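**Q** Here it is: the structure, laid out below.
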Amino acid sequence: MYYFRWLLGFLHLLVWGSIILVHAIPAPDPVQCNRTICTLSNSYGAWGDRKDCSVKSVVYPTTEEELRSAVAHANKNKLKVKVVSKFSHTIPKLACPSSLGHDSLLISTAKYDSGIEIDSVNLAVTADAGVALRDVIDKVEEAGLSLVAAPYWEGVSVAGMISTGAHGSSWWGKGGAVHDHVIGLSMIVPGNESEGYAKVKQIGAQDQLLNAAKVSLGILGVISKVKLSLERGFKRSITYNFTSDSSIENNFMEHGKKYEFGDITWYPSKHTAVYRYDSRVPMDTPGDGINDFLGFQSNEILISKSVRASEKLFESTKSVNGECTLADTTLWYKKQIGNGLKNNGQIFTGYPVVGRQGKMQTSGSCLYSPKTRIDASCAWDPRIKGLFFYESTAIFTATKFVDFIKDVKKLRDLKPENFCGIDHYNGFLIRYIKASKAYLGQSEDSIVVDFNYYRADEASTPRLNQDVMEEVEQMAFFKYGARPHWAKNRNLAFLKVQSHPRAP
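Shown next, in the form of structure tokens:
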């Protein structure tokens, strides 16, 4: 039994990271077509309802005019239309135009992804809708500037990122939500016949429409360009403090106020909280570190499959101890390697890790690789039958979050090991979002909590400790009135969304 546990722990250690650089196979195209119909998938290979999204046809514009023409064609022919990027990381079917498919058009911005214009004088960058976040960041950093806010996962397009409310973590300045750094955009909207059935509308910083358009879930029109504010280049200094969770409900407010980019990762079954001390420092501060988050690194396909097989074994045999072994190993390894921080771009040697903003604010190294590499991938790539999980994200009013923590602790104290299934992914990731003027943003300073957990291959298969995870979700969304992240969650999170301020 000891050897069996050790082997599983070793396999899990390997799947979540290695000091050796591993490149992954490129992510699959989210749109696949045959002779009769096209199918849109997300990066996980399954929507929330596990049903395919079928569309009649897909177009790939390369310019703003081609994008306008696609919208005009849809308007003229009364087609249902939605837009998707080359990433497709939403869990709800935001990009699916129709459940039937016969009267729909999908517009992909995968090839509308080259335009990036830097305005160093006015500290701004304008990018085409399909441009990848990483491309924007690299271009901005080359100009000696920095983009302040970004989501932790860089596999997003600029238009998709702002449309769904993607965010990092900050209560400082304009805050951690990327859309609050938008100072203008171009949107293609339907027009009448004399306007060619579609027109490009310019929306500036002082235009009241901007608050509606920058987080619009794709329902107001098609974003063609996004203009983001910048700052002079700066570095970040990051330290992770692994400590007791005994005072987390008393510390989270002060932590968000003290550290500009701080967050907290809470592992209830381990009674552990990991405080991220993350602040900006001057450009002349020594250090060339990077943030290569462990969960977003490339993994050997064989090992990803082995970990998934272990999870399925634990689920089928109801082995809570097995899940706790994975949780123990995960937390231990994250501590040893700084959760993916690398002091010199290669390995972690100790805290603090200092690096340029563009190398520290987001990550996703498993995205990049030559097509010839076929033995590694992102751990959740649906083609390899690797990790398959739910992702719940609840956004709390800051004053209510303290009671949520206390309730989760009470639930945890009944049987701590029931939370191992959450902790062997990433525990509860606690981040900060500032109040926003965006209609679908947050109306007050808020706390965002993300947690992942096992998803069965078949929808009807019950999960180990499913009742505990659902109790946490119900407390969040129903007892404490948390709002859902627009691009994440199971359908239940949206049941009462109409009761929230600014709901669509």
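According to mature numbering (1 follows the signal peptide of the UniProt record, and there is no 0), the sequence shown holds residues -24 to -1, 1 to 480 in order.
Glycine included, each C-beta is placed from N, C-alpha and C at the ideal position.
On a predicted model such as this, the values are computed, not experimentally measured, just so you know.
#1: Alpha carbon to alpha carbon, how far is Val134 from residue 484? Give it in angstroms, no decimals.
#2: Is Met259 buried or exposed, if buried means 16 or more other CB atoms sit within 10 Å of its CB?
#3: With distances taken from CA atoms, which of Arg212, Lys246, Leu405 is nearest Ser220?
#4: From which residue to which residue does the beta strand (DSSP E) around Glu367 run?
#5: Checking 8 angstroms against the spacing of the C-beta atoms, do Asn187 and Tyr415 come in under that value?
#6: Using a 10 Å radius around the Cβ and a threshold of 16 neighbouring Cβ atoms, would you call Arg332 buried or exposed?
#7: Using a threshold of 8 angstroms, state whether the C-beta atoms of Ile350 and Ile1 are closer than that.
#8: Once the 5 residues before and after Ala21 are set aside, which same chain residues still bring their CB inside 7 angstroms of it?
#9: Please classify Ser274 as buried or exposed, where buried requires at least 16 neighbouring CB atoms within 10 angstroms.
#10: For Thr241, collect the residues of the same chain with a Cβ closer than 6 angstroms to its Cβ; drop the 5 residues on either side in sequence, then sort them by chain order.
#11: Using beta-carbon positions only, say whether Leu206 and Val101 come within less than 8 angstroms of one another.
#12: Out of curiosity, what's the CA-to-CA distance linking Arg11 and Arg208?
#13: Compute the Euclidean distance between the alpha carbons of Ile195 and Leu440, then round it to the nearest angstrom.
#14: Considering only their Cβ atoms, is the gap separating Ala103 from Gly91 smaller than 8 angstroms?
#15: In chain order, what residues of the same chain have a beta carbon less than 6 angstroms from the beta carbon of Asn319, not counting five sequence neighbours either side?
#16: My guess is that Val384 and Val448 are in contact by the Cβ rule of under 8 angstroms, so how many angstroms apart are they, rounded?
#17: Helix, strand or coil for Thr338? Go by DSSP, reduced to three states.
#18: Report buried or exposed for Pro438, applying the criterion of at least 16 other Cβ atoms within 10 angstroms of its Cβ.
#19: Counting only runs that start and end within the stretch 203 to 234, where is the alpha helix (DSSP H) found for 4 or more residues in a row?
#20: Do the CB positions of Ser17 and Ser84 come within less than 8 angstroms of each other?
#21: Mapping DSSP to helix, strand and coil, what is Gln474?
#22: Using C-beta distances below 8 angstroms, list every residue in its chain close to Glu420, excluding the 5 sequence neighbours before and after it, in chain order.
#23: Name the one or two DSSP bridge partners that Gln182 has.
#24: To test your reading of the DSSP string, which unbroken beta strand (DSSP E) runs of 3 or more residues are found completely within the stretch 367 to 453?
#25: Should Gln337 go down as buried or exposed, given a rule of 16 or more other Cβ atoms within 10 Å for buried?
#26: Run the CB neighbour count on Gln450, radius 10 Å, all protein chains shown included, and call it buried at 16 or more, exposed below.
#27: Tell whether a beta-carbon distance below 8 angstroms holds between Gly271 and Asp254.
#28: Quick one: what's got a C-beta closer than 6 angstroms to Trp23's C-beta in the same chain, skipping five residues either side?
#29: Within the same chain, show all residues whose beta-carbon is closer than 7 angstroms to that of Leu185, passing over the 5 residues directly before and after it, in chain order.
#30: Inspect the beta-carbon positions of Phe165 and Ser200 and report whether they are closer than 8 angstroms.
#31: Gly136 lies in the alpha helix (DSSP H); which residues open and close that run?
#32: Is Glu171 helix, strand or coil by DSSP?
#33: Quick check on DSSP: helix, strand or coil for Gly314?
#34: Note the first and the last residue of the continuous alpha helix (DSSP H) segment covering Leu289.
#35: Could you tell me the alpha carbon to alpha carbon distance between His231 and Phe395, rounded to whole angstroms?
#36: To the nearest angstrom, how far is the alpha carbon of Asn51 from that of Cys29?
**A** Per the coordinate set shown:
#1: A query on residue 484 cannot be resolved here, the shown segment of the chain reaching from -24 to 480 and no further.
#2: exposed
#3: Lys246
#4: 365 to 373
#5: yes
#6: buried
#7: yes
#8: Looking at the sequence shown, residue 21 is not Ala but Gly. Correct list, in chain order: Pro358.
#9: buried
#10: Val250, Gly403, Leu405
#11: yes
#12: 51 angstroms
#13: 38 angstroms
#14: yes
#15: Gly265, Thr325, Val329
#16: 6 angstroms
#17: coil
#18: exposed
#19: 224 to 234
#20: no
#21: helix
#22: Thr373, Ala374, Ala411
#23: Note: Gln182 sits in no beta bridge, so no partner.
#24: 404 to 409, 422 to 430
#25: buried
#26: exposed
#27: no
#28: Lys69
#29: Ile179
#30: Correcting the residue identity first, residue 165 is Val in this sequence and not Phe. Contact: no.
#31: 134 to 139
#32: helix
#33: helix
#34: 277 to 293
#35: 24 angstroms
#36: 21 angstroms
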